[in-house]
Amino acid sequence: MDQDDLVTFTIDGQEISVPKGTLIIRAAEQLGTIIPRFCDHPLLDPVGACRQCIVEVEGMPKPMMACTTTVMPDKAIKTHLTSEMARKGQEGTLELLLVNHPLDCPMCDKGGECPLQDQALKHGANTSRFVDQKRRFDKPVAVSPQILLDRERCVLCARCTRFSEQISGDPFIELFERGALEQVAIYEDEPYESYFSGNVIQICPVGALTSTSYRFKARPFDVVTTPSVCDHCSAGCSLTVQSRRGEIQRSLARTNMAVNEAWNCDKGRFGFTHLTDAQRITEPQLRGEDGALRPASWAEALLHITAAVHASRETGAGRVAVVAGARLADEDAYLVAKYTRTVLATDDLDHRTRFAPAVETEELSALIGRETASYADVEAAPVIVVAGLDPEEEVPILHLRLHKAWRQSKARIVVVGPHLGTLADLAWRRVPTAPGGEAAALLALIEGRNEVSDALRAEGAPAVLVGERAGAGSLTAGAALAAAVDGHVAYVPRRAGARGAIEAGLAAGLLPGGRRLADDEDRAAVEEVWHTELPTEPGRDLHAILADAAAGRIDVLHLIGVDLARDAASTELARAALAKVPTVICQDLAATGTVTAHADVVLPVTGRQERAGSSTNWEGRTQRFARAVDGPDLVQQDWEIVVQLAALLGHDLGVNDLEGIRAEMARLGRRSAPHAWPTVPAPTAPDPGQGRFVAVARPLLLDRGTMLAGATDLLATARPARVELNAHDAEEHGIADGDLVAVVAGTARLELVAEVRRDLVPGVVVLPANSTDEPAGALADRDGELVVTLERLADADDADAATRAPAGEVA
Amino acid sequence: MGATSAIIAMSERYGVEGVDDIEVYEQHGGYEGLRRALEMEPTEIIDAVKDAGVRGRGGAGFPTGLKWSFVAQGTGKPIYIVCNADEGEPGTFKDRPLMENDPHQLVEGMIVGGLAINSVQGYISLRGEFRHAGRLLSKAIAQAYEKGYLGADVMGSGKRFDLTLHRAAGAYICGEETALLDSLEGKRGQPRLRPPFPAAKGLYSCPTTVNNVESIAAVPFILRHCVDWWTQWGTEKSTGPKLVGVSGDVANPGNYEVPMGIPMRELIEIAGGMKEGHELKFFCPGGSSTPLLPAEAIDADYTYEAVIEAGSMLGTGAVMIYSDQRCVVDAVLGWTRFYEHESCGKCTPCREGGYWLAQVLQRIETGSGTLADLDLLQEVCDNIFGRSFCALGDALTSPIVAGLEHFREEFEAHVREGRCPLGVTPPRDDIPTLAVRARDHGNAQVPSFTAEPAGQA
Ligand SMILES: Cc1cc2nc3c(=O)[nH]c(=O)nc-3n(C[C@H](O)[C@H](O)[C@H](O)COP(=O)(O)O)c2cc1C
Ligand code: SF4
Ligand code: SF4
Ligand code: SF4
Ligand code: FES
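Chains as they are written, first to last, in the working numbering: chain B, 4 to 814; chain S, 190 to 646.
And the structure:
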């Protein structure tokens, strides 16, 4: 920092130098002096509403507000610690704040962690001089299914409304009325719909905003607080899990400025009920002769598996495959990768539910070990290119960063692909492509003579974010674009364990640390640490595994945290495969459709909050989490199960605790130099044919995912399932916005309300991946291709009546 | 009006038949100021306003020329001139008569002001309730467009100036200049944090000046008649003619034009003297926000500096006269109620303080106050004054503090006698304060299915 940009002055006699423009309240914090405040929040624009933060500034006759006044050179600033004026001023404001504040402390959720209560205890008078009538409101009112508002407690600090406007960008909660009748309210015609609403509860400095799920549950002083990391998406938000008598009471955002700042999304905050939901698997099970699942002992269950593996080996090689979902902790992913290669001696392994293009293995191995974009890079980027990703639905905290960049530094957001999704409000330009055309479009931006290319080539480091839905070669193309414009690329998968799975080599052809099975040197490096010979031929990916399984060529299919019957790109193929495989092992948290219909062996596992581990987010940042509560008695961690299976199969995986796994992972490390990016394959232009559409299945944040089971109030805020289509297509098919439409492929159909949009390329429809009774994958053919036709069923009015769900249920 | 005014300057066309028509207006010297302005450099216009010593007539008395010179130039953003025609201060009625009697005067002033600060777009933010003024102004604007005095080529000068009339939704706070800008932008009117000041970031974050109707309307006169014409009235620091509204216990309450600097007693005389049988007890020199003064102060001169010396402010030219038959506590309660009701709610001292003070005053006025309440009033006011976000909070305290300062015995008498000693006010228990249940807005629409979790009585 330039000396000229520093301002030197004193606070309570202590000299301090801070950058020009710093607010007094922030400067005082650096000295450890906390000036009382209610409206001030370091991540929100200053508002100066509560007038609690009074300080005395030399030469200023009036009291000054520390949260809106910037530092001035050579001035003596005095806080309540040394200034009578400041102290009295603060007491005066506090007294005024309590004029209309009810005596709710004994029954208020905020009690024990309430700035107003703390202030009143510290500086307030013992009795009140206010003897008149307090303002009355009905209490509480629900501003959304998961947030209650007690207007009598509100100090009108505007933190909640500023959060909605400035941070989440969905200002559906506002201040209404004037004077003492001013109140937080929602609009009569627009609901408070936000994926980030829980944050307003957390930043409310009083108990005016409370959550339906935590209400009357506990006090901050009788909960046990554990640092955790969210396992709902790849954002990697830091969380605080609070439990009481071994039960989770609530989750809060834990400040981590590099990642989630002070925020999280509602899924991360409220989505922990699946651990105690009725669907939770609490004991090992085996499918009996009668076709029903029955409880079994661990020994029984594990021996059943080893027997099946042995039997399969008799039949021949290559008849055992492993598919892991992307919810695993890093350590588990690593050990599953090792177990599959060394014990099962196969490379038939995947962690995706998509049918990934062949080039992806090479791309993923090229990604690991490179300097890729981070949250900070996104925030600083003048231009952000987003392809195959809808951040608000998939990685919500990344969406907040995009919003921050957009709002604070006017970052230009460019969306490449068939639709804008929730970026519609933020996008500066759109580069429309057919599904799968993203890679070519990204490459074309390198040499392009257009505004977007010009902006990319201008000063500053752009960020290129490539998601899972971008077509084959997009990551490579994105990397080439980023390199050409001195920017940063990042791969942003949706699920929390995806990056960890990639790092661990949980895919056919991929070894830990960005190594490739087909590369002799890479294989040798892994063999040295694993002390085994690895298969030399890259194995089958999910698509091939399922296709072979359906054809009767797989005997044992070990599924770890994945509900293939619902989530696989082709439901039809997945169900055919599951029906055919003699031994389906489900190692999972919940009794998913796959478990109930197909599992022969069921192994119960611990959830994230019930164990320790590490998780790597989309940036490649690895963070550790601790155990907050105990799981059900009989559950085991995924890695523990794998260690035991290995032992029963006559192998020693060489590790028996997390530390051991971490040490081995560190020993193996990443490849010394990342692999080169592959060549981008030529795009395959989809041709659905006359009157047919290519469908894009995009997951919504709040959907039928198993980890949302039991979160009733959270699910009540889910966005409705819609089929989005282009305005011209809609007109051609006589479909109007709001009409009920059948989306048909062969015998499969989904009935959805149509949403007509202008930001969709013609010939494409967007479906919610997992928000309907049957998932979007039910419409896919056995290659996962989604080509559909549309039939109009009813017009908007009837559709409304037909699909209106009773309150509190997901449509 | 007119006949009894002390002078006829800015009100020269008041009462002229058909002057709301542009032709008649021009026959009476209208648009001459604009013609002069078009011959001048923008800075010359500002210099003339500075030389004339025009001080803002909206309340604060900030020099208008100086304010214009602060408007950021050359930022590449459009510059806006906004006329504050909200006139909400209790007792004030001088902008509305001006707009109703001579609407073109304001339109011409806006064009000249626009030229002075290189603005191409002006807005008149008019109190919505002023419907007649609104009709006349829109007609005046339309005529000025027809004549080519507004639009792409003002009087053939090649300069552009557009003018838009905005009928504001209205609230007293929307007269505060930054709240006015929010309201003009279609937002809920609440004062903005300063800095940035409007001169740097005002309407739509562009350089902006906000001026009172009378301040703006004065400028064409100065250009037409020259600076000396303006400064023939008043003192060095308070120049020119002033439009005032004299109200209360005078024989002829009304809107008058007076020269700055006359003794305030003359204001009463111009309004026909005190009402029969009434004697002056106290008065507010410039609207409810200016501390009330006891009768003795009436001999002070009507200038910014002398009224400050006397312990109040010139304010908005609203002279409110109270006789010996008025109860000061009742008057103070009335104003406090006004501020309680008009507080925008943004900051704690004004929002909660007004609510509290109104109840305490109500108790005193209706006879159930205590002596401790008098100290409480003072202390609560001390906790508001200088701590509120905008000047409304300060204004809230001024009648109370001044009332206690000059008429403490009368407050004490209310407490001692348990009633209003003057007996002029009926008990006010029936009048509801704000301590009632409020409307629910959208909050009421949300199904409350989760408001009471199962098993929670
Ligand atoms: C609560 C409040 C209400 C105000 N109302 C008005 C008003 O109705 N008209 C007005 O001209 N100025 C009003 N003002 C003053 C304006 O903020 C601003 O100072 C004025 O418009 C500037 O114009 P001037 O420089 O010509 O006086 C008000 C100020 C406050 C704090
Ligand atoms: S509800 Fe809470 S956060 Fe919102 S304004 Fe009231 S006190 Fe502040
Ligand atoms: S953004 Fe992702 S990681 Fe963060 S809280 Fe939400 S689901 Fe969890
Ligand atoms: S003082 Fe505060 S509450 Fe009162 S009007 Fe101004 S900003 Fe609003
Ligand atoms: S914290 Fe400074 S005014 Fe609220």
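Virtual Cβ for every residue (Gly too), placed ideally from N, Cα, C.
With a cut-off of 9 Å, does the C-beta of residue i fall near any C-beta of chain B?
i, result
"residue 244/S", "no"
"residue 200/S", "no"
"residue 590/S", "no"
"residue 330/S", "no"
"residue 630/S", "yes"
"residue 391/S", "no"
"residue 533/S", "yes"
"residue 565/S", "yes"
"residue 358/S", "no"
"residue 569/S", "yes"
"residue 206/S", "no"
"residue 382/S", "yes"
"residue 362/S", "yes"
"residue 639/S", "Confidence is the limiting factor: at residue 639/S the pLDDT is only 36, short of 50, which leaves the residue's position unreliable and the question unanswerable from this model."
"residue 377/S", "yes"
Taking 9 Å as the CB-CB cut-off, is residue i touching chain S?
i, result
"residue 58/B", "no"
"residue 103/B", "yes"
"residue 411/B", "no"
"residue 108/B", "no"
"residue 358/B", "no"
"residue 53/B", "yes"
"residue 670/B", "no"
"residue 128/B", "no"
"residue 49/B", "yes"
"residue 144/B", "yes"
Quick check on DSSP: helix, strand or coil for residue i?
i, result
"residue 78/B", "coil"
"residue 421/B", "coil"
"residue 589/S", "helix"
"residue 801/B", "helix"
"residue 470/S", "strand"
"residue 271/B", "helix"
"residue 301/S", "helix"
Please tell me whether residue i and residue j are closer than 9 Å, where the distance is taken between their beta carbons.
i, j, result
"residue 795/B", "residue 731/B", "no"
"residue 58/B", "residue 45/B", "no"
"residue 380/B", "residue 493/B", "yes"
"residue 246/S", "residue 427/S", "no"
"residue 719/B", "residue 143/B", "no"
"residue 235/B", "residue 501/B", "no"
"residue 608/S", "residue 555/S", "yes"
"residue 589/S", "residue 539/S", "no"
"residue 157/B", "residue 176/B", "no"
Interface residues of chain A around residue i at Cβ under 7 Å?
i, result
"residue 575/S", "Checking the listed chains, one finds no chain A in this structure; the protein chains it contains are B and S."
Please list the terminal residues of the continuous beta strand (DSSP E) segment that includes residue i.
i, result
"residue 495/B", "491 to 495"
"residue 246/S", "Here residue 246/S belongs to no beta strand (DSSP E), and DSSP marks it neither H nor E."
"residue 511/S", "507 to 512"
Under DSSP, the alpha helix (DSSP H) around residue i begins and ends at which residues?
i, result
"residue 325/S", "320 to 335"
Positions along the segment 535 to 548 of chain S whose CB lies within less than 7 Å of some CB in chain B
Answer in chain order: 535, 536, 537, 538, 540, 541, 542, 543, 544, 545 and 548.
Short-range partners of chain S found in the segment 71 to 85 of chain B, where Cβ spacing is below 7 Å:
Only 71 from the segment 71 to 85 of chain B bring a Cβ to less than 7 Å from some Cβ of chain S.
Residues of the segment 505 to 530 of chain S in Cβ contact with chain B at a cutoff of 9 Å, in chain order, please.
Listed in sequence order: 528, 529 and 530.
Against chain B: residues of the segment 244 to 274 of chain S by CB proximity under 9 Å:
Listed by position, the residues of the segment 244 to 274 of chain S near chain B (Cβ gap below 9 Å) amount to none.
Which residues, taken in chain order from the segment 199 to 220 of chain B, show a beta carbon closer than 9 Å to some beta carbon of chain S?
Those residues of the segment 199 to 220 of chain B placed with their C-beta closer than 9 Å to a C-beta in chain S are 215, 216, 218 and 219, ordered along the chain.
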